[in-house]
Structure formats: C-alpha cells, structure tokens
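Chemist: Start counting the sequence shown at 81; every next residue gets the next number (this note's numbering). Every residue gets a Cβ at the ideal spot worked out from N, C-alpha and C, and that includes glycine. Below you will find the structure I want to go over with you.
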Amino acid sequence: MLKPYKKAELAFDIIKEIGQDGRNSQTFVTRDHQLNAEIVTKQIQKKSLSSTDEFFAESQALYASAHPHVVQIHYACYDAEHVYVAMPYYRNGSVKDLITGKHMTVREIISLGSQILAGLHNIHSKNLVHFDVKPDNILLSPRREALVSDFGQAKQMNYSGIAAQDRHYGPMMPPEAMETDHFNRTFDIYQVGLTLYRMCNGNEHFRTQLASYGPPDAFDRALFRFDVRNGRFPDRKSFAAHVPSTLRNVIKKCLETKPEERYQSALDVANAMAGIDGACLDWRLADHADRKVWTKASEDSQYELTVNADGTSSCYKSVNGGKPRRVGDACKEKITDKDLRKIFTDY
81 MLKPYKKAEL
91 AFDIIKEIGQ
101 DGRNSQTFVT
111 RDHQLNAEIV
121 TKQIQKKSLS
131 STDEFFAESQ
141 ALYASAHPHV
151 VQIHYACYDA
161 EHVYVAMPYY
171 RNGSVKDLIT
181 GKHMTVREII
191 SLGSQILAGL
201 HNIHSKNLVH
211 FDVKPDNILL
221 SPRREALVSD
231 FGQAKQMNYS
241 GIAAQDRHYG
251 PMMPPEAMET
261 DHFNRTFDIY
271 QVGLTLYRMC
281 NGNEHFRTQL
291 ASYGPPDAFD
301 RALFRFDVRN
311 GRFPDRKSFA
321 AHVPSTLRNV
331 IKKCLETKPE
341 ERYQSALDVA
351 NAMAGIDGAC
361 LDWRLADHAD
371 RKVWTKASED
381 SQYELTVNAD
391 GTSSCYKSVN
401 GGKPRRVGDA
411 CKEKITDKDL
421 RKIFTDY
C-alpha cells in the first residue's frame with residue numbers, strides 16, 4: 081500500500097566553517113553522503129525563525145525561480161533544533177573577498193553590479209524582499225559571475241508590496257529601519273547602493289568609517305543612527321578618485337535617506353549604470369602605506385600613476401613593453417582630486 085507521507089534522514093560531514101552570520105546561524109563546507117559532493121550547508125537555529133513553515137515557503141519560491149545570478153538551493157531540511165539549507169560550494173568566494181585588501185576596476189564593478197541587480201530583480205519578481213544584500217552575500221560562480229545568496233532574512237511582500245522585518249544587519253541598515261518594521265523593495269535598493277559603494281572604495285574604507293563610532297563593546301549607536309538618518313554615513317563625498325561622477329551619482333541616488341527618492345526597482349539602477357563608459361573603466365588602485373598607485377593596461381600600452389602621501393604625483397607610460405616614458409600632465413607637485421579625475425578620463 082502506498083504511503084503518501086514519508087520522512088527520511090539526511091547525512092553529511094562538516095569539513096570546515098566558512099561563515100558565521102550572527103548568533104543564530106553558521107555556514108559550513110560539508111560532504112553530502114548522498115550526493116558524494118562537497119556543498120555548502122547553512123545551519124539556522126529554529127528559535128530565531130518566526131515560523132519554520134514560513135522559512136520553507138520562501139525557500140520553495142526561490143527554488144522555483146532558477147536564475148543565472150541567484151544561488152540555487154539544493155534542498156532544505158530540519159532537525160529538532162535547526163533548519164538546514166544546502167547549496168553549491170562556490171570556491172571563488174564572495175565580492176567581499178574582491179574588495180578586502182584590494183580594489184576592483186570600474187568595469188568590474190559595473191559588470192558584477194549589473195549581475196547583482198539582475199538577480200535581485202528576479203527575487204523581487206517573486207514578491208520577496210531580500211533584506212540582507214551585502215558583499216558577503218554576493219558569491220562568485222566558477223565563471224566569476226555574481227550570485228545573490230543567503231535568503232535567511234527574505235520576506236514575502238503583501239498585496240501592497242510591503243514586507244515585515246525586524247532583524248537587521250546594523251552596518252547595512254537604511255534610515256527607515258530605525259522608524260518602522262514594514263518595508264518595500266527600496267530597502268534592498270539602499271543595500272545595493274551601499275554594496276556598490278564598498279565595491280568602489282574597498283572594504284577598509286568602509287570599515288574605517290564604521291570604526292569611528294567605537295569598538296563593538298562601546299559602539300556609539302545613537303551617533304551612528306543619527307548619521308545614517310541624515311545621510312552622513314557612509315560619506316557620500318568620499319570616493320576613490322578613479323570612480324566617475326556618473327557611477328557616484330547612481331550610488332548616491334540608491335542611498336537617498338527617503339525611500340521614495342531612491343530608484344524604485346533593481347532594473348532602474350541597472351539602466352542607470354548601463355551608459356557608464358570611457359577611459360576610466362580600467363584603472364586599478366593599489367593602496368600602500370605611503371602612496372596610492374593606479375595602473376591601467378590595454379592591448380599595446382600600460383600606465384602607472386603614483387600619488388604620494390605628500391600629494392606629489394608621477395606617471396609613466398610604456399608601449400608594447402618598451403621603456404616607460406614620463407607623462408608630463410600627470411606629474412605634479414600637488415595633485416588634486418579634480419586633476420586625478422581628468423587624468424583617469426583622458427588616458
């Protein structure tokens with residue numbers, strides 16, 4: 081006789097922990113015995129969820145909405161204390177790895193940013209708000225393409241396009257999260273803007289600003305909240321010099337303190353970035369203790385621009401691997417941000 085309901089066991093071995101997203105969840109590389117493969121398993125404490133059934137409803141919606149820029153779920157299951165979500169193991173890491181101790185080019189930012197926005201549009205089309213868009217949660221596929229991941233905080237929107245959420249990751253929190261627990265898609269748009277900001281400037285730049293509020297055990301929460309509400313964190317005037325004004329303006333609009341003044345959809349942001357072009361796209365910044373060095377390579381020429389801590393600059397160009405020659409316009413006794421932006425545009 082056919083039994084319509086069955087319950088089965090699942091076995092996996094934990095290989096190593098690769099992420100801890102707070103007190104209520106941990107992420108591991110595991111070996112799944114049934115698949116005979118290394119995968120990633122996220123373990124979430126049941127007590128942190130308002131409803132296990134609600135969590136699985138969101139997992140089901142995502143499973144049904146396969147998309148090239150959204151991490152696909154292998155399966156979800158639970159035991160007495162935890163919910164488990166299994167997904168592929170992406171060995172290239174996350175966007176956070178790309179911006180920690182190093183910098184991306186503008187071309188890379190636009191390319192990955194557009195992929196993030198495509199994945200986010202797909203999530204929004206399923207009437208979900210992600211609520212946790214950040215560099216850690218953008219994984220890189222084997223082709224090094226962006227994949228939006230981690231839906232532990234995703235919530236379903238109601239018929240009015242509103243989703244309830246009262247758990248937030250503080251550093252990525254938009255101003256409205258300090259006043260209400262009901263949000264629309266613009267919550268994710270703010271977090272996309274802050275993710276792009278971090279991609280433009282590097283993780284250290286973001287962390288230095290955050291550190292100004294004090295260490296975790298003495299964090300000045302009141303000042304931080306004041307600055308977020310008033311558009312003072314992050315510093316909208318502080319960008320790496322090679323980031324063009326067009327991209328800066330897109331990010332600033334994402335970070336508007338009033339949700340109605342931001343882009344209203346992921347597609348709007350993607351369309352705004354689509355027209356960004358020019359010579360500035362391929363400069364790469366490297367930070368040193370006493371200087372900043374930008375390099376750019378094309379098919380037949382290479383540039384190296386150095387700006388020292390005292391403001392002096394030097395720039396050299398080599399063609400087809402030949403002897404470097406001085407670029408006079410870029411060698412100054414006191415170079416300004418305006419000078420740099422012109423160099424990045426002209427060369």
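For Pro-314, list the residues DSSP reports as bridge partners.
Modeler: According to DSSP, which records beta bridges pairwise, Pro-314 is partnered with nothing at all.
Chemist: In angstroms with no decimal places, state the Cα-to-Cα distance between Ser-139 and Gln-236.
Modeler: So the alpha carbons of these two residues sit roughly 11 Å apart.
Chemist: Per DSSP, Pro-168 forms a beta bridge with which residues?
Modeler: Ile-119.
Chemist: Hey, would you say Asn-283 sits closer than 8 Å to Lys-176, going by beta carbons?
Modeler: The answer is yes: Cβ separation under 8 Å.
Chemist: Among Ile-269, Leu-335, Ile-423 and Asp-268, which has the Cα closest to the Cα of Thr-375?
Modeler: If we check each option's Cα against that of Thr-375, Ile-423 comes out closest.
Chemist: Could you give the first and the last residue of the continuous alpha helix (DSSP H) run that contains Ala-198?
Modeler: Ala-198 -> alpha helix (DSSP H) spans 186–205.
Chemist: To which residues of the same chain is Glu-225 closer than 6 Å at the C-beta, ignoring the five residues directly before and after it?
Modeler: Closer than 6 Å at Cβ, skipping near neighbours: Gln-195.
Chemist: Does the Cβ-Cβ distance between Ala-198 and Ala-350 come in under 8 Å?
Modeler: Cβ distance < 8 Å, so Ala-198 and Ala-350 count as in contact.
Chemist: Given 8 Å as the limit, is there contact between the segment 155–164 and the segment 264–278, that is, 3 or more CB pairs closer than that?
Modeler: No contact exists between the segment 155–164 and the segment 264–278.
Chemist: Inspect the CB distances between the segment 245–262 and the segment 141–156 and report whether three or more fall short of 8 Å.
Modeler: The segment 245–262 is not in contact with the segment 141–156.
Chemist: Would you kindly work out how many angstroms separate the C-alpha atoms of Ser-292 and Arg-421, rounded to a whole number?
Modeler: When rounded, the distance between both Cα atoms is 28 Å.
Chemist: Measure from the alpha carbon of Val-272 to the alpha carbon of each residue in Thr-386, Ala-166, Val-330 and Arg-312, then state which is nearest.
Modeler: It is Val-330.
Chemist: Looking only at C-alpha atoms, which of His-204, Cys-395, Ala-320 and Ser-240 sits nearest to Asp-409?
Modeler: Checking every option, the nearest Cα to that of Asp-409 belongs to Cys-395.
Chemist: Alpha carbon to alpha carbon, what distance is there between Met-252 and Thr-107?
Modeler: Their Cα atoms are separated by approximately 20 Å.
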